[in-house]
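In my numbering, the protein residues as written are 8 to 390. Read the structure below first, then the notes.
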Amino acid sequence: MVTISVIKADIGGWVGHSGVHPDLLEAAREVMEKGRKQGVLLDYHVAYCGDDVNLIMTHTRGNEDPEVHGLAWEAFQKATEVAKSLKLYGAGQDLLVDAFSGNVRGMGPGVAEMTIEERKSEPIIVFMGDKTSPGAWNLPLFRIFADPFNTAGLVIAPSLHKGFRFEIHDIQESKRIFLDAPEEMYDILAFIGAPERYNIKAVYSRATGEIAAVSSTERLSLVAGRYVGKDDPVMIVRCQSQFPAVGEVLEPFTFPHLVPGWMRGSHMGPIMPVSLEQARTARFDGPPRVVALGFQISDGRLIGPVDMFDNPAFDEARRMANQVADYMRRHGPFEPHRLPLEEMEYTTLPDILKRLASRMEDLDGRTATTEEALRAMPEMDVD
Ligand code: F6R
Ligand code: MG
Ligand code: MG
């Protein structure tokens, strides 16, 4: 069995929240190399998207292994020291606690892991998002594993025809449900069409029971109880044979669907598929973006990466994303470009309400109390 662990964190931006300084990647690589030499890791690749560092690791220690998570934590800490010495922006922002206690889950970093029986040939794609949240994967995962208009294999390949099982998490209530496509497709959509609440955590082959895809569902704002940066997501997808083909896995990203995130984690915008070279955010701190790195796994070694969106086939998606970005930006501070009140990462509204409470009147002219004025704002953090 081989475990693929992708652990990511924003530990400081260069410049602002736009990109990663190469010295951070180098610091992380040194720790990864130490882990490989000590035999904790079989292989690793240090990647990035926007202002996030992504550690892609292989090993035989299973999911949630304290040594592997400890190594990732150490890599982020070492890189944070470098970020601090360069006064990079938000140095160490995703490392929410001072001491590591066996597992990075709930400590700030995002995690996607799968343990697999390596096939005769094992192609995988690691997707890394920036300026958005894990719900951004709901639409592409549905299209890859349940939509016959995207994945021809669901109809015409005997190995895919039985469909896939979706593990959906309610991230507010910490509950999960397993639903099968195609029979329960409408039930699946009823949940995952609300991606801020329900995230697809994993997908399994119904023919073999094997894991097909896994995503990170950490939500930094829920973990930290306050805004500490958008929980930019990662996911791992297995391809070919009993799973959708590489081209079927990439196909949904030709449509730059709207996702929450972007400027101040408080705006809807199109997710743009980009190459590593284009992974730096720019316009209005975005738009939200996704990088796809392809690997063949060979006895746990990562043969790659191949930069899958570095291809003219995604030029039209990028162009469409720019057009949608123009259109959305013209709404300025209005919904649905700006997120609804409960979903914004930043807000001044409680302060404004407090300041203007004495001027808030009933429609018959009676002045409301501060408490009444605040109660009028649902689910806002009013401290
Ligand atoms: C969004 C993001 C950025 C920042 C923005 C303001 O996920 O990281 O858009 O929210 O640049 O950042 P601060 O408040 O750190 O100046
Ligand atoms: Mg940042
Ligand atoms: Mg980021």
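In this text, a Cβ means the ideal position worked out from N, Cα and C, and glycines have one as well.
Check your understanding: Just to check, is the beta-carbon of Gly136 closer than 7 Å to a non-hydrogen atom of ligand 2?
Key -> no
Check your understanding: Residue ranges of each beta strand (DSSP E) run of no fewer than 3 residues wholly in the stretch 114 to 158, ordered along the chain?
Key -> 117 to 123, 129 to 137
Review point. Going by alpha carbons, who is nearest to Gly231 out of Gly113, Ile18, Tyr96, Gly42?
Key: Correcting the residue type first, residue 231 is Ala in the shown sequence and not Gly. Nearest of Gly113, Ile18, Tyr96, Gly42 to Ala231, Cα basis: Gly113.
Exercise for review: Return the first residue and the last residue of the alpha helix (DSSP H) that Ile391 is part of.
Suggested key: Beyond the ends of the chain as shown, which are 8 and 390, falls residue 391; an answer cannot be given.
Practice item. Determine, using beta carbons only, whether Gly301 and Met315 come nearer to each other than 8 Å. Key: yes
Review point. If you count every other CB in all the chains shown that lies within 10 Å of the CB of Ser140, and 16 or more means buried, which is it?
Key: buried
Point to revise | Distance, Tyr353 Cα to Leu167 Cα | key: 44 Å
**Study point:** ligand 2 heavy atom lying under 7 Å from the CB of His52
**Key:** no
Practice item. Decide if Asp333 is buried, meaning its Cβ has at least 16 other Cβ atoms within 10 Å, or exposed. Key: exposed
Review point. Can the beta-carbon of Glu255 be found less than 8 Å from the beta-carbon of Ala188?
Key: no
Check your understanding: CB of Gly344 to nearest heavy atom of ligand 1: below 7 Å?
Key -> According to the sequence displayed, residue 344 carries His and not Gly. His344: no, Cβ never under 7 Å from ligand 1.
Exercise for review: Using DSSP bridges, identify the partner residues of Arg245.
Suggested key: Ile131
Review point. From Gly26 to Val13, what does the alpha carbon distance come to, in whole angstroms?
Key: 19 Å
Check your understanding: Under 8 Å, do Lys15 and Leu62 count as touching if we go by C-beta distance?
Key -> yes
Exercise for review: Mind listing, in chain order, the continuous alpha helix (DSSP H) runs of no fewer than 4 residues lying wholly within the stretch 53 to 121?
Suggested key: 73 to 92
Practice item. Consult DSSP for Glu217 and reduce its assignment to one of helix, strand or coil. Key: coil
Check your understanding: For the alpha helix (DSSP H) that Ile255 lies in, which residues bound it at each end?
Key -> A small correction: the amino acid at residue 255 is Glu; Ile does not occupy that position in the sequence shown. Start and end: 253 to 257.
Check your understanding: Mind checking whether the beta-carbon of Gly26 lies closer than 7 Å to any heavy atom of ligand 2?
Key -> no
Check your understanding: Counting Cβ pairs closer than 8 Å, one from the stretch 207 to 218 and one from the stretch 135 to 150, do we hit at least three?
Key -> yes
Review point. Apart from the five residues just before and just after Gly109, which ones in its own chain have a Cβ nearer than 8 Å to its Cβ?
Key: Pro73, His76, Gly77
Exercise for review: Using 10 angstroms around the beta-carbon of Ile467, count the other beta-carbons present and answer buried if the total reaches 16, otherwise exposed.
Suggested key: In this structure the chain extends from 8 to 390, so residue 467 is not present and cannot be described.
Check your understanding: So, do the stretch 331 to 351 and the stretch 296 to 312 have three or more beta carbon pairs nearer to each other than 8 Å?
Key -> no
Point to revise | Cα-Cα separation, Gln249 to Ser212 | key: 8 Å
Practice item. Spatial neighbours of Arg183 within its chain, please: CB distance less than 8 Å, with the 5 preceding and 5 following residues excluded, ordered by chain position. Key: Glu174, Ile175, His176, Asp177, Lys208
Review point. Which residue or residues does DSSP assign as beta-bridge partners of His274?
Key: Gly268, Arg345
**Study point:** Cutoff 8 Å; reference Asp371; Cβ partners in own chain excluding five residues on either side
**Key:** none
Practice item. May I ask you to report which of helix, strand or coil DSSP gives Glu174? Key: strand
Exercise for review: Following the continuous beta strand (DSSP E) through Gln303, name the residue where it begins and the one where it ends.
Suggested key: 296 to 305
Check your understanding: What did DSSP end up calling Met367 once you bin it into helix, strand or coil?
Key -> coil
Practice item. Report the three-state DSSP secondary structure of Phe316 (helix, strand or coil). Key: coil
Point to revise | Cβ pair Arg287, Gly46 closer than 8 Å | key: no
Practice item. Return the CA-CA distance between Ala375 and Ile359, expressed in angstroms with no decimal places. Key: 15 Å
Check your understanding: Cβ of Gln100 within 7 Å of any heavy atom in ligand 2?
Key -> yes
Point to revise | Burial state of Val419, where buried means 16 or more other Cβ atoms lie within 10 Å | key: The structure shown has nothing for residue 419, since the chain only spans 8 to 390.
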